[in-house]
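Undergrad: I am attaching a structure below and will ask some questions about it afterwards.
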Amino acid sequence: MAAIRLVSPQLAAFTAAAMALPGVHARAADAPRENPWAFDATHMEYSESGGRMNVRVNQASAIIPIGDSFQLKANGIQDLVSGASPIFNAPGPGGKPQQVLTGASVRDNRKAGDIGASAAFGDNQLTLRQGWSNENDYKSTWTSLESRYDLNRKNTTLAAGFAFSNDGVSNHDTPDDFRTRIKRDFFVGITQVIDERSLVQLSLEYSYSNGFLSDPYKLVFVQSGGLLPDARPSQRRQTAASAKYVSFIPAIDSALQAMGSLSTDNWGVRSGSVELQWKKELPGEWLVNAGARYYTQSSADFYAPLYETTPARDARTSDYRLAGFGSLAWLAGVTKQLTPNFSIQFAAERNYRRVGLRSGGTGIDADNYIWGLYLVTLQARF
Amino acid sequence: MAPATRSTRAWIAALSLTAIAGCATVQPWERGTLARPVMTTEDPPHETAQKLRTYSAKEGGAAATGVGGGGCGCN
Chain L
7 MAAIRLVSPQ
17 LAAFTAAAMA
27 LPGVHARAAD
37 APRENPWAFD
47 ATHMEYSESG
57 GRMNVRVNQA
67 SAIIPIGDSF
77 QLKANGIQDL
87 VSGASPIFNA
97 PGPGGKPQQV
107 LTGASVRDNR
117 KAGDIGASAA
127 FGDNQLTLRQ
137 GWSNENDYKS
147 TWTSLESRYD
157 LNRKNTTLAA
167 GFAFSNDGVS
177 NHDTPDDFRT
187 RIKRDFFVGI
197 TQVIDERSLV
207 QLSLEYSYSN
217 GFLSDPYKLV
227 FVQSGGLLPD
237 ARPSQRRQTA
247 ASAKYVSFIP
257 AIDSALQAMG
267 SLSTDNWGVR
277 SGSVELQWKK
287 ELPGEWLVNA
297 GARYYTQSSA
307 DFYAPLYETT
317 PARDARTSDY
327 RLAGFGSLAW
337 LAGVTKQLTP
347 NFSIQFAAER
357 NYRRVGLRSG
367 GTGIDADNYI
377 WGLYLVTLQA
387 RF
Chain U
2 MAPATRSTRA
12 WIAALSLTAI
22 AGCATVQPWE
32 RGTLARPVMT
42 TEDPPHETAQ
52 KLRTYSAKEG
62 GAAATGVGGG
72 GCGCN
């Protein structure tokens, strides 16, 4: 099929007419073109309460346009991880479970990257990406294919995608023994303009994972038999759906964004989240946003903080991420358009995990903690 | 494969209804508000990627956020 330009003749004519207006040309001459060169660089700091994990992330990406219809994409990430991580729960005073941590011994340097290409064919856009991730005890190779299709005079956008990842998992004791973990993701979505001031986006995703899905660093405490390794079923099927609604409210000259999501899987973990955000443009090319997020999940069927006897079923975990819990978070951001070509963005989120906010199953107070992240991004468009 | 839950079926129905309702047409010259930066459904890509990876590492639930991105041995 012949490639068709991303910029329609109507848009080109409209742009030419607008450029003829007094005062527009000087500014527009510096503005990024429709299919721009794009460079983003980010630094993020992530930390957890109680002297647990700290992660420093550096990320850089580039989009290189080729003509009006093609793009090449490249992305690189480096994570520097340090700190302590929970290994298992042990009976504390009164038999109450308490976490046993690694000590501040975890150190890792993860390097990841991906390359990709996008092509526009009329109202259809196709993106193919190939990625890699490498750390001492975890290697991942993944491929994704995503398609977007505009219809109904671009009032509706349909999206569909597939991703396949092939991971290898080892641990410090057996560094050369990588066990295989495969994951396949299927995604469909629709974005619909509702009226001149609002739109909605609905998404559905199904994932199937198999292979070694346990965590090689986690243990469970069995009161009649001591410590056993974490062991999870070798297959996981997850289904998730989400909805996002964005509406501009003239009375407050701001946009409000509401997002909700639900998920379920064959391990018994059911989750839900709601996020609300307020977004406002301010004079001087500033954009600010602030909001809150609520998350809740039930525990996995085979989760227990402590086991009295060895479980009959060969599935057991005390991993705090498969416990029942909920969290409340605040999030905020500010973006400043420095010039037509450069902008800088700050974003922050602080998340408070509480077992009392769980939607089912069991969890323990000892797993309550706080994490926060702060990131700054410099964006360039030409 | 496990049977679809009631909530999953409800989401599929909602998705279908929205597709059918997609005949509402807002003309290009009526999209001034929709084109404003505050109206985008997508946050900056790096912020989105980092937040989703953090949620994925710290929460047990799945998310319908589109495909792409490899796994990690996140603690």
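From first to last, the protein sequence lines stand for chains L and U.
So for the first sequence, the numbering used here puts the first residue at 7; every next one is plus one.
So for the second sequence, the numbering used here puts the first residue at 2; every next one is plus one.
A virtual CB, placed ideally from N, CA and C, is assigned to each residue, including glycine.
Quick check on the DSSP output: what are the complete beta strand (DSSP E) runs of length 3 or more inside the segment 85–166 of chain L, in order along the chain?
TA: For the segment 85–166 of chain L, whole beta strand (DSSP E) runs of length 3 or above, ordered along the chain, are 92–97, 103–107, 112–127, 130–141 and 144–157.
Undergrad: Does DSSP put residue 311 of chain L in a helix, a strand or coil?
TA: Three-state DSSP puts residue 311 of chain L in coil, outside helix and strand.
Undergrad: Any Cβ of chain U within less than 8 Å of the Cβ of residue 52 of chain L?
TA: By this cut-off, residue 52 of chain L is an interface position.
Undergrad: Applying a beta-carbon distance threshold of less than 8 Å, which residues of chain U neighbour residue 303 of chain L?
TA: Residues of chain U passing the Cβ test: 60, 61 and 62.
Undergrad: What separation, rounded to the nearest whole angstrom, lies between the Cα atoms of residue 55 of chain L and residue 144 of chain L?
TA: Straight-line Cα distance between these residues: approximately 25 Å.
Undergrad: Whose Cβ in chain U lies nearer than 8 Å to the Cβ of residue 342 of chain L?
TA: None at all; the shortest Cβ gap to chain U is about 12 Å.
Undergrad: At which residues does the alpha helix (DSSP H) containing residue 46 of chain U begin and terminate?
TA: From DSSP, the alpha helix (DSSP H) with residue 46 of chain U extends over 46–59.
Undergrad: Verify the CB distance criterion: does residue 34 of chain L have a CB-CB separation below 8 Å to chain U?
TA: Caution applies to residue 34 of chain L, whose pLDDT of 48 falls short of 50 and renders its modelled position unreliable; the value that the coordinates give is listed next. Chain U, which has no Cβ nearer than 8 Å to the Cβ of residue 34 of chain L, makes this no.
Undergrad: Note the first and the last residue of the continuous beta strand (DSSP E) segment covering residue 262 of chain L.
TA: Here the beta strand (DSSP E) through residue 262 of chain L covers 260–271.
Undergrad: If you measure beta-carbon to beta-carbon, which residues of the segment 99–116 of chain L are closer than 7 Å to chain U?
TA: Within the segment 99–116 of chain L, the residues whose Cβ lies closer than 7 Å to some Cβ of chain U are 112 and 116, listed in chain order.
Undergrad: So residue 287 of chain L contacts chain U; which residues on that side make the cut at Cβ distance below 8 Å?
TA: Here the neighbours are 37, 38 and 39.
Undergrad: Quick one: what does DSSP say residue 29 of chain U is sitting in, helix, strand or coil?
TA: Residue 29 of chain U: helix per DSSP, three-state reduction.
Undergrad: Inspect the beta-carbon positions of residue 311 of chain L and residue 92 of chain L and report whether they are closer than 8 Å.
TA: No, the pair does not count as a contact, with Cβ atoms beyond the cut-off.
Undergrad: How about residue 356 of chain L and residue 378 of chain L: are their beta carbons less than 8 Å apart?
TA: Yes, the pair counts as a contact, with Cβ atoms nearer than the cut-off.
Undergrad: Among U/63, U/67, U/54 and U/26, which residue has its Cα nearest to the Cα of residue 75 of chain U?
TA: Closest by alpha carbon: U/54.
Undergrad: Considering only their Cβ atoms, is the gap separating residue 194 of chain L from residue 161 of chain L smaller than 8 Å?
TA: The answer is no: Cβ separation not under 8 Å.
Undergrad: With a cut-off of 8 Å, does the C-beta of residue 79 of chain L fall near any C-beta of chain U?
TA: With 8 Å as the cut-off, residue 79 of chain L does not count as an interface residue toward chain U.
Undergrad: Report yes if the C-beta distance between residue 148 of chain L and residue 169 of chain L is below 8 Å; otherwise report no.
TA: Yes, they are a contact pair.
Undergrad: May I ask you to list the residues that DSSP assigns as paired with residue 351 of chain L?
TA: Per DSSP, L/341 and L/383.
Undergrad: Are the C-beta atoms of residue 63 of chain L and some chain U residue less than 8 Å apart?
TA: Judged by the 8 Å Cβ criterion, residue 63 of chain L is in contact with chain U.
Undergrad: Mind checking if residue 368 of chain L is an interface residue toward chain U, Cβ cutoff 8 Å exclusive?
TA: It does not; no Cβ of chain U falls within 8 Å.
Undergrad: With a 10 Å radius around its C-beta and 16 neighbouring C-beta atoms as the bar for buried, classify residue 255 of chain L as buried or exposed.
TA: Looking at its Cβ environment, which holds fewer than 16 other Cβ atoms inside 10 Å, residue 255 of chain L is exposed.
Undergrad: Can you confirm whether residue 271 of chain L, when its beta carbon is compared against all beta carbons of chain U, has any partner nearer than 8 Å?
TA: It does; some Cβ of chain U falls within 8 Å.
Undergrad: Please report the straight-line C-alpha distance between residue 211 of chain L and residue 153 of chain L, rounded to a whole angstrom.
TA: Straight-line Cα distance between these residues: approximately 14 Å.
Undergrad: At the level of alpha carbons, what is the spacing between residue 227 of chain L and residue 96 of chain L?
TA: If I take the Cα positions, the gap works out to 6 Å.
Undergrad: What residues from chain U crowd round residue 179 of chain L, counting only those whose CB sits closer than 7 Å?
TA: In chain order: nothing, as chain U lies at least about 14 Å away.
Undergrad: Let me know the secondary structure DSSP gives residue 194 of chain L once reduced to three states.
TA: If DSSP states are grouped into helix, strand and coil, residue 194 of chain L belongs with the strands.
Undergrad: When burial is assigned at 16 or more other CB atoms within 10 Å of the CB, is residue 85 of chain L buried or exposed?
TA: Classification of residue 85 of chain L: buried, given that the 10 Å Cβ count is 16 or more.
Undergrad: Helix, strand or coil for residue 39 of chain L per DSSP?
TA: In this structure, residue 39 of chain L counts as coil in the three-state DSSP scheme.
Undergrad: Using the Cβ count rule (16 or more neighbours within 10 Å means buried), how would you classify residue 27 of chain L?
TA: Bear in mind that a pLDDT of 40 at residue 27 of chain L, under 50, signals an unreliable position, so the number given afterwards is only what the model happens to contain. Looking at its Cβ environment, which holds fewer than 16 other Cβ atoms inside 10 Å, residue 27 of chain L is exposed.
Undergrad: Determine the direct distance from the alpha carbon of residue 75 of chain L to that of residue 134 of chain L, and round the result to whole angstroms.
TA: Going by the C-alpha atoms only, they are around 14 Å apart.
Undergrad: Flag this pair as yes or no: are the beta carbons of residue 37 of chain L and residue 289 of chain L separated by less than 8 Å?
TA: No, the Cβ-Cβ distance between residue 37 of chain L and residue 289 of chain L is not below 8 Å.
Undergrad: Looking only at its chain, what residues have a beta carbon closer than 6 Å to the beta carbon of residue 68 of chain L, apart from the 5 residues adjacent to it on each side?
TA: Only 45 and 80 meet the Cβ criterion.
Undergrad: Over the uninterrupted beta strand (DSSP E) stretch that includes residue 50 of chain L, give me the two end residues.
TA: Segment 44–54, the beta strand (DSSP E) holding residue 50 of chain L.
Undergrad: Would you give the residue range spanned by the beta strand (DSSP E) that residue 177 of chain L belongs to?
TA: Note, residue 177 of chain L: premise wrong, no beta strand (DSSP E); not H, not E.
Undergrad: Quick one: grab the DSSP three-state call for residue 38 of chain U.
TA: In this structure, residue 38 of chain U counts as helix in the three-state DSSP scheme.
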